[in-house]
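S.K.: Residue numbers for the sequence shown follow the numbering used here, beginning at 8 and rising by one.
Cβ atoms here follow ideal geometry from the backbone N, Cα and C, with glycine treated the same way.
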Amino acid sequence: MIEDEDVETGRAYQELLDEIRLLRLELTAANKRLETLETEQQAMTTVLMKVSRRVSRLGPDVQAVLRMHHLDSESLPYPQRLMVRRYRLNSQNEEDGITLAIFEQIGSTNRRFVEVGSGLSGGNSACLASELGWTGLMLDGDKERMVQVGRRFPGVVALGAWITRENINELIANAGLDGEIDFMSIDLDGNDYWVWEAVTACSPRVVVVEYNSAFGPDRAVTIPYDPQFDVHKHRFVYYGASLAALAKLGAAKGYRLVATEPTGVNAYFLRNDVGAEIPACSPADAFRLLKRYDVWMRRKQEDIYKYVAAANLPLVEFEV
């Protein structure tokens, strides 16, 4: 009797062990499946993030198509007539459309450009080079980056050099871009005012210059000239020049401010003998504040001038 009970107990114990072993196998399989699902979820999240970024990039393109389809730009006054034509092919924002709209109005002569501070993208001249076959010079301080730019734009002189007001004319002349050219873009995040002031080797019909909208629409200010200025070594709002300062410089060089693109980054100037049908506009009317500066100033509850003064950072100011 006792032996039978022992046998039953042993059998039950073995069945329990078998069940535990089976449960462990099922748990291991479930863990592996869970790991697989987590990996799949991460992959799906990555895909969704990429799709979301692509959709967000498509937004401005869709808006550009809608503007072209529904708005009669010819019925609008300047600078709105130019701004509604904005869209992006290669440019940082939607400068490509504005640039091409201007050249539709004024025509081109030799289809040559100088891009000062091209970055890896080719800047505001990339569309002219890649889509329209224009030739010119792309300059940037990163020599390795410019090797890639040269491969991307084979018809363009891509030169890596630290750009100063002392060497800008030599760089332009040595590349064969002296004399009249159709287009110049300056985006240095630093000495933009001083480099444009120094340019004499070429005479562009259209000039695009980045302005620092944190300086506001009224005061004509720029950072002092420093040939070694590097924006990455300074506070993120301390660089470049105000729109009013660039408009004053442009007037002294024989150019008029005609437009800015809506995000508050780049200003467009026409040489005074070009495109008489496109009128000048004032810095106050053309000014746009970059969104991140608006957010920053609201959070800090102070303007850039108090911020710069507290940090003991110098500015050069001109009479308006």
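Quick one: grab the DSSP three-state call for residue 210.
M.R.: strand
S.K.: In the DSSP assignment, find the unbroken alpha helix (DSSP H) run with residue 137 in it and report its ends.
M.R.: 133 to 139
S.K.: Note down, one range per segment and in chain order, each beta strand (DSSP E) of at least 3 residues found wholly within the region 213 to 287.
M.R.: Taken in chain order, the unbroken stretches of beta strand (DSSP E) that lie wholly in the region 213 to 287 and span 3 residues or more are 227 to 229, 262 to 267 and 273 to 278.
S.K.: Are three or more beta carbon pairs between the region 143 to 155 and the region 114 to 133 nearer than 8 Å?
M.R.: yes
S.K.: Find out if the Cβ-Cβ distance for the pair residue 226, residue 201 is shorter than 7 Å.
M.R.: no
S.K.: Starting from residue 194, trace the alpha helix (DSSP H) in both directions and tell me its first and last residue.
M.R.: No alpha helix (DSSP H) contains residue 194, which DSSP labels as neither H nor E.
S.K.: Can you tell me whether DSSP reads residue 186 as helix, strand or coil?
M.R.: strand
S.K.: Can you name, in chain order, every residue of its own chain whose Cβ lies under 6 Å from the Cβ of residue 205, other than the five neighbours on each side?
M.R.: 172 and 175
S.K.: So is residue 212 buried or exposed if we call it buried at 16+ other beta carbons inside 10 Å?
M.R.: Under this definition residue 212 is a buried residue.
S.K.: Please list, in chain order, all residues of the same chain as residue 238 whose beta carbon is under 6 Å from its beta carbon, the five residues on each side excluded.
M.R.: 196, 197 and 246
S.K.: Per DSSP, what kind of secondary structure is residue 127 in: helix, strand or coil?
M.R.: Correct three-state label for residue 127: coil.
S.K.: At a cut of 8 Å, does the region 176 to 185 reach the region 249 to 265 through at least three beta carbon pairs?
M.R.: Touching, no.
S.K.: In the structure shown, what three-state DSSP assignment does residue 320 receive?
M.R.: In the structure shown, residue 320 falls within a coil segment according to DSSP collapsed to helix, strand and coil.
S.K.: At what residue ranges does the region 91 to 130 contain a whole run of the beta strand (DSSP E), taking only runs of 3 or more?
M.R.: 119 to 123
S.K.: Are the Cβ atoms of residue 229 and residue 252 separated by less than 7 Å?
M.R.: yes
S.K.: Quick check on residue 267: buried or exposed, where buried means 16 or more other Cβ atoms within 10 Å of its Cβ?
M.R.: buried
S.K.: Could you give the first and the last residue of the continuous alpha helix (DSSP H) run that contains residue 337?
M.R.: Nothing about residue 337 can be read from this structure; the chain reaches only from 8 to 327.
S.K.: Are at least three pairs of beta-carbons, each pair with one atom in the region 272 to 292 and one in the region 301 to 308, less than 8 Å apart?
M.R.: no
S.K.: Can you tell me the Cα-Cα spacing of residue 137 and residue 156, whole angstroms?
M.R.: Cα to Cα, residue 137 sits roughly 11 Å from residue 156.
S.K.: Hey, would you say residue 118 sits closer than 7 Å to residue 141, going by beta carbons?
M.R.: yes
S.K.: Hey, how far is the Cα of residue 170 from the Cα of residue 234?
M.R.: 8 Å
S.K.: Could you check where the alpha helix (DSSP H) with residue 178 kicks off and where it finishes?
M.R.: 175 to 181
S.K.: With a CB to CB cut of under 7 Å and the five nearest residues on each side skipped, what residues in its chain are close to residue 290?
M.R.: 224, 250, 251, 254 and 264
S.K.: Please report the distance separating the alpha-carbon of residue 17 from that of residue 57.
M.R.: Those two C-alpha atoms are separated by around 59 Å.
S.K.: Rounded to the nearest angstrom, how far is the Cβ of residue 105 from that of residue 89, given a contact under 8 Å?
M.R.: 5 Å
S.K.: Can you round the beta-carbon distance between residue 134 and residue 98 to whole angstroms, since I take them to be within the 8 Å contact cut?
M.R.: 6 Å
S.K.: Which residues in the same chain as residue 120 place their Cβ atom closer than 7 Å to its Cβ, once the five residues preceding and following it in sequence are excluded?
M.R.: 132, 135, 141, 143, 188, 189, 190 and 191
S.K.: Does DSSP put residue 167 in a helix, a strand or coil?
M.R.: Look at residue 167 here: in three-state DSSP terms it is strand.
S.K.: Do residue 179 and residue 221 come within 7 Å of each other at the CB atom, strictly closer than that value?
M.R.: no
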